[in-house]
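The letter at position 3 of the sequence shown is residue -1 when you use my numbering, and the numbering goes up by one with no holes.
Cβ coordinates follow ideal geometry from the N, Cα and C atoms, glycine included.
Everything below concerns the one structure shown next.
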Amino acid sequence: GGGGGGHDDGMQDVSNARVGTVSGNLADLTNNLRRIDGGSYKAYHDLIGGWDFNGDMTLFVDKIQSDPFAPPSRCHLRVPQSVARFPPSLFDTPAKRVALCDILTRSFCTLVRRGGLDQ
């Protein structure tokens, strides 16, 4: 999906009705994860949508891996500037915005690996 030309990349597309909408809060996400733990790949499609973490951030599950050989699931995290509190000078140009996003992504990946959460 998404690439045009009828190519199937093995990913479950998010329906327009769920893009950017909040499906629940952290407790709801936790309950859903416990409920589907060990289930089929299809069961994980219930996670598509947004999950609010007490207003501090929202985790969006954009696409879910459809089988073990498909591309990995895709998520993104939104943190309001009022919470992140980055100085505006760190993102006041397109190049600085890219650099800030890059360092945040690299830092996140490092923390995930250190915690053994990439397995």
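Distance CB(Leu22)-CB(Phe56) smaller than 8 Å: One-based indexing of the sequence shown puts residue 22 at position 26. One-based indexing of the sequence shown puts residue 56 at position 60. Not a contact, by the Cβ cut-off of 8 Å.
Backbone secondary structure at Leu113 - three-state DSSP: Counting from 1 along the sequence shown, the entry for residue 113 is found at position 117. In the structure shown, Leu113 adopts coil according to DSSP, grouped into three states.
Residue interval of the beta strand (DSSP E) (run including Thr54): Here residue 54 corresponds to residue number 58 of the sequence shown, with the count starting at 1. Residues 53 to 61.
Below-8 Å beta-carbon distance, Met53 vs any chain C residue: Chain labels in this structure do not include chain C; a single protein chain is all it has.
Alpha-carbon to alpha-carbon, Arg102 and Gly111: Working through the sequence shown from its first residue, we reach residue 111 at position 115. Working through the sequence shown from its first residue, we reach residue 102 at position 106. Between Gly111 and Arg102, the alpha-carbon positions lie close to 14 Å from each other.
Where Val79 sits in the DSSP three-state scheme: To locate residue 79, count along the sequence shown from 1; it is residue 83. If DSSP states are grouped into helix, strand and coil, Val79 belongs with the helices.
From Thr54, Gly35, Asp33, Gly34, residue whose alpha carbon lies closest to that of Ser19: Within the sequence shown, residue 19 is the residue found at index 23, counting from 1. Minimum Cα distance to Ser19 is reached at Thr54.
Where Gly2 falls, given that 16 or more other Cβ within 10 Å makes a residue buried: In the sequence shown, residue 2 corresponds to position 6, counting from 1. In this prediction, Gly2 has a pLDDT of 38, which is less than 50 and means its spatial position is unreliable; what the coordinates show is noted afterwards. With fewer than 16 other Cβ atoms within 10 Å, it is exposed.
Limits of the unbroken alpha helix (DSSP H) element including Asn21: Looking up residue 21 in the sequence shown gives position 25. Unbroken run through Asn21 is the beta strand (DSSP E), 18 to 21; no alpha helix (DSSP H).
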